[in-house]
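Undergrad:
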Amino acid sequence: MTKRQQHQNLSHSRDGGYTIIESLVAMIVVSVLMIAIAPVMAFSVATRVQARRIELATQAARTYIDALRVGAIRKDDPKSPKGFPSDTDVAPTNSNELYCVNLDATQGCDGSKDLVVQGVWQNPANPTDPTTTGYELTVRVYRADAFSSSGTVTTTQQSVANSGLGNPKAPLVVMQTEIPPTTQGASSPYRSLCARVQGNNSDACQ
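Counting from 22, one number per residue, gives the positions in the sequence shown under this note's numbering.
1) Do you know whose CA, among 63, 142 and 137, lies nearest residue 117's CA?
2) By the DSSP assignment, the beta strand (DSSP E) with residue 143 in it spans what residues?
3) Which residues does DSSP list as the beta-bridge partners of residue 236?
4) I want to know whether the stretch 149-164 touches the stretch 75-90 - three or more CB-CB distances under 8 angstroms.
5) Classify residue 81: buried if its beta carbon has 16 or more other beta carbons within 10 angstroms, exposed otherwise.
6) By how many angstroms is the C-alpha of residue 194 removed from the C-alpha of residue 72?
7) Hey, quick one: how far does the beta strand (DSSP E) through residue 94 stretch, first residue to last?
8) Would you list the one or two residues that DSSP bridges to residue 163?
9) Assuming contact is defined by CB atoms lying nearer than 9 angstroms, are residue 192 and residue 177 in contact in what I supplied?
10) Residue range of the beta strand (DSSP E) that residue 128 falls in?
11) Report the option in 165, 171 and 142 whose CA atom is closest to the CA atom of residue 130.
12) Taking just the CA atoms, how far does residue 60 sit from residue 206?
13) Quick one: what's got a C-beta closer than 8 angstroms to residue 109's C-beta in the same chain, skipping five residues either side?
14) Could you tell me the alpha carbon to alpha carbon distance between residue 261 and residue 45, rounded to whole angstroms?
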């Protein structure tokens with residue numbers, strides 16, 4: 022009886038030892054897998070955040086374009102001097118020079134959630150007031166915090182794919198569209214667009 026009990030105790034002891042080793046091996050395997058998966062999960066979350074930013078930037082750009090088309094943002098309006106597009110197509114250097122889209126509870130455009138819109142108009146005739154003839158508009162939407170750190174912002178739109186959180190110095194969205202002349206203009210929107218496209222052959226637009 023004594024030998025049989027000792028043999029059983031030794032068997033239980035060996036089984037217990039193997040169980041601990043197996044648990045340690047399982048923990049190591051799970052740790053290695055988590056280490057391998059963690060970067061993929063982090064990149065996935067970053068891509069989702071960046072896609073959301075681009076979605077909001079696209080809405081901001083379209084709202085800005087609509088405001089220009091209906092005359093809600095005017096060149097001679099002292100309430101929106103920063104809203105009307107500039108005639109100089111260069112990368113902005115200060116967010117205070119751009120149109121602010123405040124998306125958080127704090128005032129001003131300096132948070133990571135806020136956006137700023139740069140508008141640039143182009144017209145070969147280079148009129149004093151482009152709203153009377155219409156113009157081609159380029160819209161760029163930047164993150165507001167792109168101007169708070171060192172470095173120069175660019176004018177090339179960043180890619181959504183394989184960008185993670187993206188380059189904060191690059192615009193989230195770049196759009197180009199045509200803004201027709203206002204109802205106070207001297208010509209219809211069609212004739213204005215045709216004249217700018219045809220150039221010297223503007224007689225074809227009659």
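No residue lacks a Cβ here, since even glycine has one placed at the ideal position from N, Cα and C.
Bear in mind the structure is a predicted one, so any value in this text is a computation, not a measurement.
TA: So, from the data block:
1) Of 63, 142 and 137, the residue nearest in Cα terms is 137.
2) Under the DSSP assignment, residue 143 falls in the beta strand (DSSP E) whose first and last residues are 136-143.
3) It is not possible to answer for residue 236, since the shown part of the chain is limited to 22 through 227.
4) Cβ pair count under 8 angstroms is three or more, so yes.
5) Label assigned to residue 81: buried.
6) Whole-angstrom Cα-Cα distance: 11 angstroms.
7) Going by DSSP, residue 94 is part of no beta strand (DSSP E) at all; its letter is neither H nor E.
8) In the DSSP assignment, residue 163 forms a beta bridge with 137.
9) The answer is yes: Cβ separation under 9 angstroms.
10) Counting along the chain, residue 128 falls outside any beta strand (DSSP E), and DSSP gives it neither H nor E.
11) Comparing Cα positions, the closest option is 165.
12) Bear in mind that a pLDDT of 45 at residue 206, under 50, signals an unreliable position, so the model cannot answer this.
13) Counting only Cβ-Cβ distances below 8 angstroms, and skipping sequence neighbours, we find 141.
14) Residue 261 is absent from the structure shown; the chain starts at 22 and stops at 227.
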